[in-house]
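Following this note's numbering, the numbering of the sequence shown begins with 607 at its first residue and continues without gaps.
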Amino acid sequence: MIIIMHDGASEKAIKDVENRLLQFGFQTHPIYGERKTVIGAIGDKRQIRMNEILLMDGVENVVPIMRPYKLASKELKQEKTAIDVGCGVTIGGDTLAVFAGPCAVESREHFLKMSRLVKASGANILRGGAFKPRTSPYAFGGLEGEGLKIMREAGDELNMPICTEVMDTRDVELVAEYADIIQIGARNMQNFKLLREVGSCKKPILLKRGLASTIEEWLMAAEYIMSEGNDDVILCERGIRTYETSTRNTFDVSAIPVTQNLTHLPIIADPSHATGNYKYVAAVARAGVAAGADGIMIEVHDCPECAASDGPQSLKPERFDELMRQLKKIANAIDKEIGLC
Ligand code: PEP
Ligand code: MN
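Below, the structure written as structure tokens:
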């Protein structure tokens, strides 16, 4: 439920309400607006004397949150969340976040080369996999710790945040040491132990939509992370499984406005994993930006045919550069910016 405080309620009144809620066994999440403060209270409603809260000093109203996800819901917080991911990059504001890089970190030399190229084209966040979820147990599984170090070196050299996936609760601490944004991949969207584990670390989390998940299940996964105290969740639409086989997955463009109607969390689009084919990546990226995504994630490789993973969907650097120019026009048309000079 949400406790709405009167305009200008005193700090003491806010603290008293929070303390009373804590005594009832609730978790509290105060949100300080320009005029009003609201307190999100998560817990068992049967344990609380509602009238007592309503009569407390400074309380204007108490309203239930109807959605099953609470902290992620727009009912709790109407204002969009903008997440500072470091190096002056914010996701969820007026500037588009552009995550780019190869699917996997393949070598130091290659990752540094790709990173410099994507930055020159206007990307503002580096992506790459050090721990790779692969369909086949015999496929390249990533450079692991070595890959994290390479990414950190590139991020430091170029002053860019780095985003990389964690697949196992046992690796969260290590990945959090290097990464600026921790990715939860589609296959792990409902790995609840992993969600709880990243929920208790201090880094922003990029939460990909599960291959066969509804928007509500996706937001419940975000709620798992937030319920552990980490509010910095960025959603990523990366296509879902449908009966269509001509693309790897089906990009759900309407998930962008639908999700924005339900949550205050930022959402980005990943046309690379959605289509699985470089020929369609630019069109779907343009659609994602036009639909209002807060950013995009694009896989880029200078030699897709020799890529260790996801070559068929990787854009060559020159195509990525061209796409960035197109996206700039679309972003400008909807009053957003993109980091191109
Ligand atoms: C990736 O980003 O490289 C990846 C494996 O993504 P997804 O979880 O969306 O398949
Ligand atoms: Mn990939």
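Cβ atoms here follow ideal geometry from the backbone N, Cα and C, with glycine treated the same way.
Any non-hydrogen atom of ligand 1 within 6 angstroms of residue i CB
{"i": "C709", "result": "yes"}
{"i": "R844", "result": "yes"}
{"i": "H907", "result": "no"}
{"i": "H716", "result": "no"}
{"i": "G735", "result": "yes"}
{"i": "A889", "result": "no"}
{"i": "A792", "result": "yes"}
{"i": "H612", "result": "no"}
{"i": "H635", "result": "no"}
{"i": "K814", "result": "yes"}
{"i": "H870", "result": "no"}
Endpoints, the alpha helix (DSSP H) within which residue i is located
{"i": "V890", "result": "884-896"}
{"i": "A914", "result": "Run containing A914: none; DSSP gives neither H nor E here."}
{"i": "Y784", "result": "778-784"}
{"i": "Q629", "result": "617-629"}
{"i": "Q866", "result": "861-868"}
{"i": "G649", "result": "Note, G649: premise wrong, no alpha helix (DSSP H); not H, not E."}
{"i": "T881", "result": "877-881"}
{"i": "N657", "result": "656-660"}
{"i": "I697", "result": "Careful: I697 lies outside any alpha helix (DSSP H), inside the beta strand (DSSP E) at 695-697."}
{"i": "H612", "result": "Neither: H612 is in no alpha helix (DSSP H) and is coded neither H nor E."}
{"i": "V804", "result": "798-805"}
{"i": "F717", "result": "714-727"}
{"i": "F705", "result": "Where F705 is concerned, there is no enclosing alpha helix (DSSP H), although the beta strand (DSSP E) it sits in stretches over 703-707."}
Buried/exposed call for residue i, threshold 16 Cβ in 10 Å
{"i": "K618", "result": "exposed"}
{"i": "V923", "result": "In the sequence under discussion, the amino acid at residue 923 is Pro, which differs from the Val named in the question. P923 comes out buried."}
{"i": "R815", "result": "buried"}
{"i": "K621", "result": "exposed"}
{"i": "A726", "result": "exposed"}
{"i": "Q919", "result": "buried"}
{"i": "K809", "result": "buried"}
{"i": "Y830", "result": "buried"}
{"i": "T770", "result": "buried"}
{"i": "S915", "result": "buried"}
{"i": "L682", "result": "buried"}
{"i": "K935", "result": "exposed"}
{"i": "Y675", "result": "buried"}
{"i": "T881", "result": "buried"}
Opening and closing residue of the beta strand (DSSP E) in which residue i lies
{"i": "Y830", "result": "Looking at the DSSP string, Y830 is not in any beta strand (DSSP E); the run it does join, the alpha helix (DSSP H), is 821-833."}
{"i": "D690", "result": "689-692"}
{"i": "K814", "result": "811-814"}
{"i": "M903", "result": "901-905"}
{"i": "N667", "result": "665-669"}
Close-in-space but distant-in-sequence residues of the same chain around residue i (CB under 8 angstroms, 5 per side omitted)
{"i": "I659", "result": "I609, V623, R626, L627, V665, V668"}
{"i": "Q684", "result": "H870"}
{"i": "K799", "result": "T775"}
{"i": "K651", "result": "M607, P670"}
{"i": "Y886", "result": "T853, P877"}
{"i": "V766", "result": "One detail in the question is off: residue 766 reads as Met in this sequence, not Val. Once the five neighbours on either side are set aside, the close Cβ partners of M766 are C693, V695, S721, K725, A729, N730, I731, L732, A760."}
From the options, residue whose alpha carbon lies closest to that of residue i
{"i": "I645", "options": "M607, I654, D613, K680", "result": "M607"}
{"i": "I797", "options": "T770, A827, E783, C807", "result": "Inspection of the sequence shows that residue 797 is occupied by Asn rather than by Ile. Nearest of T770, A827, E783, C807 to N797, Cα basis: A827."}
{"i": "E690", "options": "E783, L764, I768", "result": "Per the sequence shown, residue 690 should be read as Asp rather than Glu. The residue with the shortest Cα to Cα distance from D690 is I768."}
{"i": "Q932", "options": "D777, D837, A888", "result": "A888"}
{"i": "D786", "options": "D838, E750, S833", "result": "D838"}
{"i": "D700", "options": "A688, G882, A706", "result": "A688"}
{"i": "V772", "options": "Q789, L921, M757", "result": "Q789"}
{"i": "P739", "options": "L749, L732, N657", "result": "L749"}
{"i": "A729", "options": "L817, E928, A939, K680", "result": "E928"}
{"i": "E783", "options": "E752, L661, G631, A880", "result": "E752"}
{"i": "R844", "options": "I940, M930, A893, P636", "result": "A893"}
{"i": "M795", "options": "C807, E779, A818", "result": "A818"}
{"i": "C709", "options": "H879, K934, D941, L946", "result": "H879"}
{"i": "G649", "options": "F630, K935, D941", "result": "F630"}
{"i": "E715", "options": "H612, K755, L677", "result": "K755"}
{"i": "C909", "options": "A939, Y884, G639", "result": "Y884"}
Distance cut-off 6 angstroms: residue i Cβ against heavy atoms of ligand 2
{"i": "D916", "result": "yes"}
Cut-off 7 angstroms between Cβ atoms - residues of its own chain near residue i, not counting five sequence neighbours on either side
{"i": "A899", "result": "I862, I873, I874, A875"}
{"i": "A615", "result": "T643, G664"}
{"i": "T865", "result": "I821, L841, I873"}
{"i": "D777", "result": "F737"}
{"i": "A937", "result": "L702, V895, E943, I944"}
{"i": "F926", "result": "A706, V724, S727, I904, V906"}
{"i": "G595", "result": "Residue 595 falls outside the range modelled here, since the chain spans only 607 to 947, and no answer is possible."}
{"i": "D613", "result": "R641, K642"}
Residue i Cβ short of 6 angstroms to ligand 3 heavy atom set
{"i": "I637", "result": "Among the ligands modelled here, namely ligand 1 and ligand 2, ligand 3 does not occur."}
6 angstroms CB neighbourhood of residue i in its chain, flanking five on each side removed
{"i": "T634", "result": "E624, L627, I645, A647"}
{"i": "T696", "result": "A688, D690"}
{"i": "G791", "result": "P739, E771, K814"}
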